[in-house]
Amino acid sequence: MLNWHPKSWQASQVSQQAKYPDREQLDQAIKELSGLPPLVSELEIDQLKQQIARASRGETFVLQGGDCAELFRECNSNSIENKLKILLQMSFVLEKGLNKPIVKIGRIAGQYAKPRSSEYETINGVTLPSYRGDLINQSEFTQQARAASPDRLLKGYSFASLTLNYLRTLFDNQYQELSDFNAWDLDFIGFSPNKEDYQRQLNSLKNNGSYECNMALQITPFHLKDRIYTCHEALHLHYEQALTRQSKKGKWYNMSTHMPWVGMRTNQLDSAHIEYIKGIDNPIAIKVGPNTSATQLLHLADIIDPDNSPGRLTIITRFGENNIYRHLPQLVNAITGQKRTPLWCCDPMHGNTKVTGSGHKTRNFDAVLSELSSAIEIHHTMGGHLGGVHFELTGENVSECMGGARNIEEKDLARAYKSLVDPRLNAEQSLEMAFQISQLMQRSFNPAISNFR
Ligand code: PEP
Ligand code: CO
């Protein structure tokens, strides 16, 4: 791309950035980061692009999921194992239900920077900068903790690297153990009014021979050359810039993650974030919500993906269960009218956030499911298909989202509310969501037939 450079975003309007008191320290951190090795490879990035191209043709399906905001202190074996485990379990269920390979992309190993709706937070008359994610500052409500510190950029790089290293080790060496069907925690099924459906899906997974047999033989058909990919919001542009490297062929890649995305708060046509993202060759996702017009989306697509290149563009929609019918059809119309073929992915989390009387941010399992169901139906009715889903989830037994088989209620939220930003589905709710998606997708393709007979 002519005249583009990893730093060219600096000439544009930039929002959602930390204010560093000491500019020299920041420059020093960026310089150090720029000299450190890449976290992912060009080959992996190109492979993911091919997988996304396949998903946009309906040959694979994308599962994106992980924390809203990863925490440095949770960079430990348990937490990483549990996240990988739940993503694998969901992908097994989806693979069987949808009968296609699942492309697994964790919101992991770098999801450390958060956009915030207010720059400052006031508690008991004291006003301090908002917590912007572990890459920038700390969540404790003290002046010192909330000051943005450039050292955290180097820490973030290190924690991303440690996380990715363990993720790769687990995937390559403990895949079987992690996905062992007998170790799945399925007690929640007994509590659900849908238990028969879930049980039927499970039996089908267990009994059709292919699953266990293939596991035993270590030749699950779809997983043979599989890997786990990573994604995060490309929000902190100095960090992203420092990890952007030029390949031997002259292309620029963001080497800190396979798939960076631009969030809804930074997706304006003339934003620094769009200027940055357009120049890198990774597969790019862009989040769109109720404020995104069809015209804006078409312009964004022209900027990011001028050639309608397979696998380049993923559009992640996040409207909320009550808004999706008002917004998604016109965006789909506009995009297909231009003969564009991006991957359509549904984030049913961010449009369905509510704050309870006790002050907990939460989401309801049924609202999440309802937005998903509408997305599937809208794409299908309009002659296309939903090619992926995007969740905030964790492998832990947290109580952040309401509903699900055990029907977590408002009064239960305090039990294990751990997220510092947005509420995540817990492990059981996540697996249950996978059962539900399988069913919804099957019904949309053939209302009279279920694969799980
Ligand atoms: C997020 O994914 O955590 C996020 C902030 O999303 P959005 O840009 O859709 O609000
Ligand atoms: Co979030």
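Quick note: the sequence shown uses the working numbering, first residue 225, plus one each step. We treat Cβ as the ideally placed atom computed from N, Cα and C, and that holds for glycine.
Whole angstroms are fine: how far does the CA of Y355 sit from the CA of L448? Position 224 of the sequence shown, counted from the first residue, corresponds to residue 448. Position 131 of the sequence shown, counted from the first residue, corresponds to residue 355. With a pLDDT of 43 at L448, under the threshold of 50, the modelled position of this residue cannot be trusted; read the value that follows with caution. So the alpha carbons of these two residues sit roughly 41 Å apart.
Please return the same chain residues whose Cβ sits closer than 6 Å to the Cβ of Y336, not counting the five positions on each side in sequence. Numbered from its first residue, the sequence shown carries residue 336 at position 112. Closer than 6 Å at the Cβ level, and outside the excluded window around Y336, lie E294, G357, D358, L359, G380.
Cβ-based neighbour list, S373, same chain, cut-off 7 Å, excluding 5 preceding and 5 following: For this step, residue 373 is matched to residue 149 along the sequence shown. The answer, listed in chain order, is N361.
Buried or exposed (CB count within 10 angstroms, at least 16 for buried), K307: Here residue 307 refers to the residue found at position 83 of the sequence shown. K307 comes out buried.
Given that a residue counts as buried once 16 or more other Cβ atoms are within 10 Å of its Cβ, and exposed if not, what is Q653? Residue mapping note: residue 653 aligns to position 429 of the sequence shown, counting from 1. Flag for Q653 reads buried.
Reducing DSSP to helix, strand and coil, say where I683 ends up. With the chain running from 225 to 677 in the structure shown, residue 683 is simply not present.
Excluding the five sequence neighbours on either side, which residues of its own chain have a C-beta within less than 8 Å of the C-beta of R340, listed in chain order? Translated into the one-based positions of the sequence shown, residue 340 becomes position 116. Cβ contact annotation for R340 (same chain, cutoff 8 Å, sequence separation greater than five): Q240, S354, Y355, R356, in chain order.
Helix, strand or coil at L359 [DSSP, three-state]: Taking the sequence shown and counting its residues from 1, one reaches residue 359 at position 135. Assigned with DSSP and collapsed to three states, L359 falls in coil, not helix or strand.
Curious, which full-length beta strand (DSSP E) runs of at least 3 residues does the region 485-544 contain? Taking 3 residues as the shortest admissible run, the region 485-544 contains the following complete beta strand (DSSP E) segments, listed from N- to C-terminal end: 508-512, 537-541.
Decide if D571 is buried, meaning its Cβ has at least 16 other Cβ atoms within 10 Å, or exposed. As a first step, residue 571 is located in the sequence shown; it is residue number 347 there, counting from the start. Classification for D571: buried.
Using the Cβ count rule (16 or more neighbours within 10 Å means buried), how would you classify N576? Here residue 576 is taken as the residue at index 352 of the sequence shown, counted from 1. Under a 10 Å Cβ-count criterion, N576 is classified as buried, with 16 or more other Cβ atoms of the shown protein chains found around its own Cβ.
By Cβ distance below 8 Å, which residues in the same chain neighbour S598 in space, the five residues on each side in sequence not counted? As a position in the sequence shown, residue 598 is number 374, starting the count at 1. Contacts found: E545, I548, Y549, L552.
Starting from N389 and walking both ways along the alpha helix (DSSP H), at which residues does that stretch end? Stepping through the sequence shown from its first residue, residue 389 is reached at position 165. Counting along the chain, the alpha helix (DSSP H) containing N389 begins and ends at 375-397.
With H, G and I counted as helix, E and B as strand and the rest as coil, what does DSSP make of L593? Within the sequence shown, residue 593 is the residue found at index 369, counting from 1. DSSP, read as helix, strand or coil, puts L593 in helix.
Would you kindly check if the distance between the Cβ of L312 and the Cβ of S403 is under 8 Å? Against the sequence shown, residue 403 aligns to sequence position 179. Against the sequence shown, residue 312 aligns to sequence position 88. Their beta carbons are under 8 Å apart, which means S403 touches L312 by this criterion.
Could you name the residues that DSSP lists as bridge partners for E616? Within the sequence shown, numbered from 1, the residue matching residue 616 stands at position 392. Bridge partners of E616: G290.
Give the DSSP bridge partners of K578, in chain order. Here residue 578 refers to the residue found at position 354 when the sequence shown is read from its first residue. Residue pairing from DSSP places K578 in a beta bridge opposite T586.
Which of helix, strand or coil does DSSP assign to R331? By one-based count along the sequence shown, residue 331 stands at place 107. DSSP places R331 in strand when its eight states are reduced to three.
Should M606 go down as buried or exposed, given a rule of 16 or more other Cβ atoms within 10 Å for buried? In the sequence shown, the residue the question calls residue 606 occupies position 382. It counts as exposed.
Should K309 be labelled buried (16 or more other beta-carbon atoms within 10 Å of its own) or exposed? Here residue 309 corresponds to residue number 85 of the sequence shown, with the count starting at 1. The residue is buried, with at least 16 neighbouring Cβ atoms inside 10 Å.
Between which two residues does the beta strand (DSSP E) carrying I254 extend? Taking the first residue of the sequence shown as position 1, residue 254 is located at position 30. No beta strand (DSSP E) contains I254, which is instead part of the alpha helix (DSSP H) from 247-259.
When every heavy atom of the ligand PEP is checked, does at least one fall within less than 7 Å of the C-beta of K379? The residue labelled residue 379 in the question sits at position 155 within the sequence shown. In this structure, K379 has its beta carbon at no less than 7 Å from each heavy atom of the ligand PEP.
Any heavy atom of the ligand CO within less than 5 Å of residue CB: hits in chain order: Cβ-based neighbours of the ligand CO within the cut-off: C292, D646.
Could you compute how far the alpha carbon of E343 sits from the alpha carbon of V350? By 1-based counting over the sequence shown, the position of residue 343 is 119. By 1-based counting over the sequence shown, the position of residue 350 is 126. As the crow flies, the alpha-carbon of E343 is around 14 Å from that of V350.
Does any C-beta atom of chain B lie closer than 8 Å to the C-beta of A496? Structure shown: chain B not included; a single protein chain is present.
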